[in-house]
Every structure is written in C-alpha cells, then in structure tokens.
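Note sheet for the following structure.
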Amino acid sequence: MTNHTALVIVDVQANALAHLADSAGVVAALGTAIAAAREASVPVLFVGMAFRPEAPEVSPQNSGITAWAADGANRIGDPAVAFPTELTPAAGDVVLTKSRGSAFEGTDLGIILRSQGITDLVIAGTITGGGVTSTVRQASDLDYRLTVLSDGCADPDADLHRALVEKLFPRQAEVLTTAEWAAGLTR
C-alpha cells in the first residue's frame with residue numbers, strides 16, 4: 001500500500017487555521033498522520049496558497065481568490081501563510097505553493113506524483129469546503145485512488161465539513177480517521 005502512496009496536506013496555514021473552532025485538534029491529527037507517513041516511508045507533500053508580491057496570478061474574475069489576496073494579504077513569505085510550527089516540513093518533504101483551490105492547479109504536483117510512481121493519495125487539510133474539496137475532485141478526475149482523513153480536515157462551517165466527509169467524499173474516496181489510516185500502514 002505505501003509503495004505508491006503519498007500524503008498531501010492542503011492549506012494548513014496560519015490564515016486558515018485562525019478560522020477554525022478546533023484548530024489544535026486538526027493540527028494534532030495531522031501530526032499523527034505525518035509521523036505515521038514518515039515512519040512508513042510515505043512521501044509527505046505540503047501544499048499552501050500564497051501569492052507573489054503584486055499578485056499577478058489573481059484574476060478579478062475569480063471572487064474567491066481575489067478575497068484571499070485582498071489588501072496585500074497572503075503573500076509568499078507572509079507569516080499568515082506559514083505552516084504551523086508543529087507541522088514544519090522535514091527534509092525530504094515536498095513543499096508547493098498554489099494560487100488556486102486545487103493543489104494541482106498552478107503547481108507541479110502532478111509531475112512530482114507521476115515521477116515517483118504515486119497512484120494513491122491521502123488528502124487532508126483546510127478548508128474542507130475549499131482546498132480539500134477542490135483537490136479531491138481534481139485528483140478523482142485524474143484517476144488517483146483516494147483516501148480522505150476526516151479528522152485531518154476542518155472547515156469553519158461544521159455542517160459543511162460533516163456533509164462533505166459523510167456524503168460527498170465517500171463517492172470518490174475512502175474516508176478514514178488519521179488513527180485508522182496510520183494503523184493500516186503497519187499491516
């Protein structure tokens with residue numbers, strides 16, 4: 001199972017975590033998943049959203065992205081787009097910067113996964129209704145086998161999070177807790 005699997009962490013950044021009721025719980029769950037992945041030699045990829053200083057990648061036609069880039073916020077190097085200290089990428093982890101919802105859009109994630117022979121993705125992160133959903137949907141369309149870590153995802157809207165992990169994601173992915181997934185790595 002682990003030979004062709006990668007763990008993809010989407011948008012777990014200070015600006016997203018600030019909007020969550022239980023950001024500490026999500027960070028703890030992700031810490032468990034990341035530790036288990038590294039122990040099992042599963043590649044860990046961190047994908048975060050940030051923009052260049054003048055945000056040339058932001059189109060005024062895209063209201064969601066425009067809102068994230070408003071007032072000079074969320075620029076590359078800004079502490080608001082940093083990963084939490086507890087989840088600092090380690091040597092060997094891949095870190096990608098995106099400027100759209102999906103972790104695939106505008107990054108070389110697809111090239112990295114193909115180069116490493118990755119066919120199975122384990123996806124977690126914030127915001128469930130944003131970057132996580134966009135990534136799951138595109139990964140499904142790209143024919144990856146998917147697992148979503150239910151407690152490794154979070155959204156400011158608890159009802160939306162619940163609907164996604166209980167109703168939408170199971171149509172395209174296996175939905176597990178981080179503990180269930182980690183336990184499966186040792187089998």
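Okay, so the sequence shown: first residue is 1 according to the working numbering, each after it adds one.
Cβ coordinates follow ideal geometry from the N, Cα and C atoms, glycine included.
Three-state secondary structure assigned by DSSP to residue i
i    : result
S134 : helix
E174 : strand
F104 : coil
I123 : strand
D71  : helix
V44  : strand
Burial state of residue i, where buried means 16 or more other Cβ atoms lie within 10 Å
i    : result
G72  : exposed
G101 : buried
V10  : buried
H161 : buried
S59  : exposed
G25  : exposed
Chain-order list of residues whose beta-carbon lies under 8 angstroms from that of residue i (same chain, five-residue window excluded)
i    : result
V94  : P43, V44, L45, F46 and I112
R114 : none
P79  : A14
Contacting residues, own chain, Cβ-Cβ under 6 angstroms from residue i (five flanking each side not counted)
i    : result
D151 : A29, T177 and T178
V27  : P84 and E86
A36  : A182 and L185
A82  : A14
Close Cβ partners of residue i (< 7 angstroms) along its chain, the five nearest in sequence each way excluded
i   : result
A33 : L7, A124, L149, G152, T178, W181 and A182
Residue nearest to residue i in terms of C-alpha spacing, selected from the options
i    : options                 : result
E54  : A36, A82, V12 and S99   : S99
D157 : I65, L109, A69 and S23  : S23
L96  : F51, I118, G64 and A173 : F51
Subject >> Cβ contact (3+ pairs, closer than 8 angstroms) linking the stretch 15–22 and the stretch 123–143 >> reply: yes
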